[in-house]
Amino acid sequence: MRLAGWGFRYASRLAWAARDVDLHLEPGERVLLTGPSGAGKSTLLHVLAGLLGPDEGEQTGVVTVDGVAPRQARFRSGIVFQDPDAQLVMTRAGDDVAFGLENAGVPRELIWPAVDAALAQVGFPYGPDRPTGALSGGQKQRLVLAGALAPRPGLLLLDEPTAQLDPAGSALVREAVARAVAGRDTTLVVVDHDAGSWLPLVDRVVELRADGGTVEHGAGWAPAPLRMPVRSPRAAGELLLTAEDAGFTHRGTDLPALLPSDVAVPAGRTLAVTGPNGAGKSTLALLLAGLRGPTTGQITAGRRLTAGLRRAERPPHRWPADELVRRIGTVFQHPEHQFLTGRVRDELALGPLRSGSGDDDARRRAEELMERLGLAALADANPFTLSGGQQRRLSVATALATRPAVLVLDEPTFGQDRHTWAELVALLAEQQDADRALVLVTHDAAVVAALADDTLALRPASEPVPA
Amino acid sequence: MTAPLSLGPVRPVPLSAINPVAQLAAIGLLLPVLLVSGDLLTPLVVLAAELCLIPAAGLTRPRVLFARTWPLLLGAAGVAWVNVLFGDADAGGWPSALALAVRVLALALPGVLLVASTDPVRLADALTLHWRVSTRFAYGALAALRLVPLLAAEWQTIRLARRARGLEPGRNPVAHVRLFAGTAFALLVAAIRRGTRLASAMDGRGFDSGIPRSNARGSTLRRRDAVFVAGAAAVAVLAVGSSVAMGTWSAVFS
């Protein structure tokens, strides 16, 4: 695989997604691509997989895979993306692995041996008849990897393959990749936000720079340590929210999404909720946020929260929405789910307006937040067009706009690079100093270390089948 | 965040042994008979034959059967009711309304049987192998179908996210409609994003690359499939024949 003076610009953009990239890989080499978000790492992988061509944008320089253009070498490369649910096609595991082989026109009698080999190669623990819907995220991603490996590609491209997985799932995927490339007959290019974990597996680390060009890092390179915020732990203040035996079971299912749990949320403290996928972390966040009512037990709000409510005896999930946003703010995992207007400025003013602030008041609050969070230059931009880091900051800002006493955040650091991570964590640390209570649902051990005063580790209702 | 929903493979039932294209062919034979007949006896004979297949489609538990057919029953009852209320009294009143309801049932029940007994993957295999339906269409639709349950979960999340922003319709019907429209738009955006990602993942696996696609599972037509289609033809002949013999036959378009 060879790139010389390569650059790419999407047809719809003015700026180059990547430029002046020189990279030469020998067969069997393993490379980790790093660089800030927006440096074109993902674009590079798309081009190598033959997914971006002249129709999608303008290209400079030379890019070849096995000496030919990537589009011609389509079946010689396999690519894995971050969301397993957007990659599985079939309803059964074996059928899904066979999908790529069918597309390549491989005769039927050769397909099934190749499927079995690929499943064994990634250490898939179930048979080919396993329904794909019933797998955990880590196992789904293993299956996606098996599907990419089945046609025996010479080049394996991984684009953030563990971004959506919990630590156990990520380890499963890395282990499967290690097995797959052990024979040195597959060249590997990995892009991942968690660069450190891939270091034992790769031979080279190449950084794509934001302003173009590449830097080859020598042996012994390690990602820069995360910038941790300075915090002074505070004594627990007044109790704001209490969960007693609060559990949740979806209608029509027997298995609880959340086992009955006890939680106390005092002012001025940060609680981190951790645990594997399926333990009910997000469900607990919804209960504490007053968005769902528990099916067992109860959630009670302290006096500071219920003050001024017309019917203070009601639990948070029965509060009117405009009263709720002034008391408990929620930030969802995917910021786009929460955006309601076409401008950043309006987005920030919306909460205060809905909860009875006057027009001037709401505008002033919006300006103040944009200034503080570095969004002022984007005041008139559409929230959907912001970068991932900007969207995340905006979604936190919208929750802060109504000055809630409790802030509930679901995976706030998801998809952030080191720079936006540090910004966000600093912002959250400030909130706690404002005597707010924070509830963080997260897989990210670094954010727990940086912010949490207390930790609640949830366990799934039924232990997942051993991997 | 939401209920575990998933589109799984369909559990095999006795009727699954019949190739999906044979089932479709059988439906194709009965369809014109039902559309043309205007009496009660013809659709009744067809419906009786279809009812015999319900156990073979695995719909043995009354609760399961009801869950699958209630919209259909409601529809048939509605059609009959409207006909009695607004139909011309000379046109037959109750008997003709009843015939119409039976026709609706006989037309729709095969669809219920097909869905209950047919794995979507096998259907796509059979359509592409026997009827030369384009693989791009059949497997593209299959992949899209997998996203439907995910979108149902996403709908719930978007609704909750809106409440978290202070948006709730309360008792105002106009606000209800606006909130629904807003949620639907957000869902559409999410669906397009996910669909685009799925399309590029399929592209990355060489889907629709111009090479003739092979099929890992295959789809065989056996004797029993021919017997099944012949059976459907016999039911069609029997239905029309008995109606003519009884002197009740009347074509809709005469």
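Chains as they are written, first to last, in the numbering used here: chain A, 1 to 467; chain B, 1001 to 1254. For glycine and all other residues, C-beta sits at the position ideal for the given N, C-alpha and C.
| request: Inspect the beta-carbon positions of Glu238 of chain A and Asp262 of chain A and report whether they are closer than 8 Å. | output: Within the first sequence, the letter at position 238 stands for residue 238 of chain A. Within the first sequence, the letter at position 262 stands for residue 262 of chain A. It is not a contact, given that the beta carbons lie outside the stated cut-off.
| request: Please determine, among B:Leu1127, B:Ala1106 and B:Thr1135, the residue with the shortest C-alpha to C-alpha distance to Ala1239 of chain B. | output: What you label residue 1239 of chain B is simply residue 239 of the second sequence in a count that begins at 1. The shortest C-alpha separation from Ala1239 of chain B is found at B:Ala1106.
| With burial defined as no fewer than 16 other Cβ atoms inside 10 Å of the residue's Cβ, what is the status of Thr1002 of chain B: buried or exposed? | Locating residue 1002 of chain B in the second sequence gives position 2, where the first residue counts as 1. Note on Thr1002 of chain B: pLDDT 32, under 50, position unreliable in the model; the coordinate value appears next. Buried is the call here.
| request: Can you give me, in chain order, the residues of the stretch 176-187 of chain A that have a beta carbon less than 7 Å from any beta carbon in chain B? | output: none
| request: Report the neighbours of Phe75 of chain A on chain B: residues whose CB is nearer than 7 Å to its CB, in chain order. | output: Locating residue 75 of chain A in the first sequence gives position 75, where the first residue counts as 1. The contacting residues are Gly1206.
| Per-residue contacts from Arg311 of chain A into chain B (C-beta, under 7 Å) | Walking along the first sequence from the start, residue 311 of chain A turns up at place 311. The premise fails here: Arg311 of chain A is roughly 15 Å from chain B at the closest Cβ pair, so nothing lies under 7 Å.
| Of all Cβ atoms in chain A, is any one closer than 8 Å to the Cβ of Leu1150 of chain B? | Taking the first residue of the second sequence as position 1, residue 1150 of chain B is located at position 150. Yes, Leu1150 of chain B lies at the interface with chain A (some Cβ there is under 8 Å from its Cβ).
| Listing by chain order, which chain A residues have their CB less than 7 Å from the CB of Met1202 of chain B? | As a working note, residue 1202 of chain B is residue 202 in the second sequence. Within 7 Å Cβ-Cβ: Val89.
| Nearest to Gln298 of chain A by CA position, among A:Ala17, A:Val265, A:Gly247 and A:Val441, is which residue? | Mapped onto the first sequence, residue 298 of chain A falls at position 298. The option with the nearest alpha carbon to Gln298 of chain A is A:Gly247.
| request: Taking Arg1197 of chain B as part of the alpha helix (DSSP H), name the residues at either end of that continuous run. | output: The residue you call residue 1197 of chain B lines up with position 197 of the second sequence. Per DSSP, Arg1197 of chain B belongs to the alpha helix (DSSP H) from Pro1173 to Gly1204.
| For the beta strand (DSSP E) that Gln72 of chain A lies in, which residues bound it at each end? | Along the first sequence, read from residue 1 onward, the residue named residue 72 of chain A stands at position 72. Unbroken run through Gln72 of chain A: none, as it is neither H nor E.
| Nearest candidate by alpha-carbon position, reference Ala235 of chain A, set A:Arg269, A:Val265 and A:Arg227 | Stepping through the first sequence from its first residue, residue 235 of chain A is reached at position 235. For Ala235 of chain A, the closest alpha carbon among the candidates A:Arg269, A:Val265 and A:Arg227 is that of A:Arg269.
| Cβ distance (whole Å) where Ala1199 of chain B is taken to contact Ala1026 of chain B below 8 Å | Reading the second sequence from its first residue, position 199 is the one you call residue 1199 of chain B. Reading the second sequence from its first residue, position 26 is the one you call residue 1026 of chain B. About 35 Å separates the two Cβ atoms, so there is no contact after all.
| task | Would you decide whether Arg13 of chain A is buried or exposed? Buried here means 16 or more other CB atoms lie within 10 Å of its CB. | result | Translated into positions along the first sequence, residue 13 of chain A becomes position 13. Answer is exposed; the Cβ neighbour count stays below 16.
| field | Local conformation of Arg130 of chain A per DSSP, three classes | value | Indexing the first sequence from 1 puts residue 130 of chain A at position 130. Three-state DSSP puts Arg130 of chain A in coil, outside helix and strand.
| Can a CB atom of chain B be found closer than 8 Å to the CB of Trp221 of chain A? | Numbered from its first residue, the first sequence carries residue 221 of chain A at position 221. Not closer than 8 Å to any Cβ of chain B, the Cβ of Trp221 of chain A fails to qualify, so no.
| request: Can you tell me the Cβ-Cβ gap for Arg1197 of chain B and Ala86 of chain A, rounded? I've got them flagged as a contact below 8 Å. | output: Residue numbering aside, residue 1197 of chain B sits at position 197 when the second sequence is read from its first letter. Residue numbering aside, residue 86 of chain A sits at position 86 when the first sequence is read from its first letter. Contact holds; Cβ gap of about 4 Å.
| message | Can you give me the C-alpha to C-alpha distance between His193 of chain A and Gln416 of chain A, rounded to a whole angstrom? | response | Mapped onto the first sequence, residue 193 of chain A falls at position 193. Mapped onto the first sequence, residue 416 of chain A falls at position 416. The straight-line gap from Cα to Cα measures roughly 8 Å.
| task | Under 8 Å Cβ to Cβ from Leu1029 of chain B, same chain only, skipping five residues before and after it: list those, please. | result | Within the second sequence, the letter at position 29 stands for residue 1029 of chain B. Closer than 8 Å at Cβ, skipping near neighbours: Val1229, Ala1232, Ala1233 and Ala1236.
| So is Met1001 of chain B in contact with chain A if we call contact Cβ pairs under 8 Å? | The sequence position of residue 1001 of chain B within the second sequence is 1, counting from 1. With a pLDDT of 34 at Met1001 of chain B, under the threshold of 50, the modelled position of that residue is not reliable, and the figure given next carries that caveat. Interface residue, yes.
| task | Return no unless some Cβ of chain A is closer than 8 Å to the Cβ of Ile1027 of chain B. | result | Within the second sequence, the letter at position 27 stands for residue 1027 of chain B. Chain A contact via Cβ: absent.
| query | With distances taken between CB atoms, is the gap from Gln141 of chain A to Pro84 of chain A smaller than 8 Å? | reply | One-based indexing of the first sequence puts residue 141 of chain A at position 141. One-based indexing of the first sequence puts residue 84 of chain A at position 84. Contact: yes.
| In angstroms, rounded to a whole number, what distance separates the CA positions of Leu1059 of chain B and Pro1043 of chain B? | Along the second sequence, one-based indexing puts residue 1059 of chain B at 59. Along the second sequence, one-based indexing puts residue 1043 of chain B at 43. If I take the Cα positions, the gap works out to 22 Å.
| field | Outcome for Phe1066 of chain B when other beta-carbon atoms lying within 10 angstroms are tallied against a minimum of 16 | value | Residue 1066 of chain B sits at position 66 when you count from the first residue of the second sequence. Sixteen is the threshold: since fewer than 16 other Cβ atoms of the shown chains lie within 10 Å of the Cβ of Phe1066 of chain B, the residue is exposed.
| query | For the stretch 1208-1222 of chain B, which residues have a beta carbon sitting closer than 8 Å to at least one beta carbon of chain A? | reply | Asp1208, Ser1209, Ile1211, Pro1212, Arg1213, Ser1214, Asn1215, Ala1216, Arg1217 and Gly1218
| said: With the cut-off set at 8 Å, would you say Leu143 of chain A and Ala93 of chain A are in Cβ contact? | reply: Locating residue 143 of chain A in the first sequence gives position 143, counting from the first residue. Locating residue 93 of chain A in the first sequence gives position 93, counting from the first residue. Closer than 8 Å, so yes.
| field | contact_flag[the stretch 335-348 of chain A, the stretch 390-408 of chain A] where n(CB pairs < 8 Å) is 3 or more | value | yes
| request: Assign Pro1110 of chain B to buried or exposed, taking buried as 16 or more other Cβ atoms, counted over all protein chains shown, within 10 Å of its Cβ. | output: Locating residue 1110 of chain B in the second sequence gives position 110, counting from the first residue. Buried.
| Per the contact definition of three or more C-beta pairs closer than 8 Å, is the stretch 108-115 of chain A in contact with the stretch 46-63 of chain A? | no
| query | From this set, A:Leu400, A:Thr420 and A:Leu409, which residue's C-alpha is nearest Ala452 of chain A's C-alpha? | reply | For the purposes of this step, residue 452 of chain A is identified with residue 452 of the first sequence, where counting begins at 1. The option with the nearest alpha carbon to Ala452 of chain A is A:Leu409.
| As assigned by DSSP and simplified to three states, the class of Arg174 of chain A | Position 174 of the first sequence, counted from the start, is the residue given in the question as residue 174 of chain A. Of the three classes helix, strand and coil, the one that applies to Arg174 of chain A here is helix, per DSSP.
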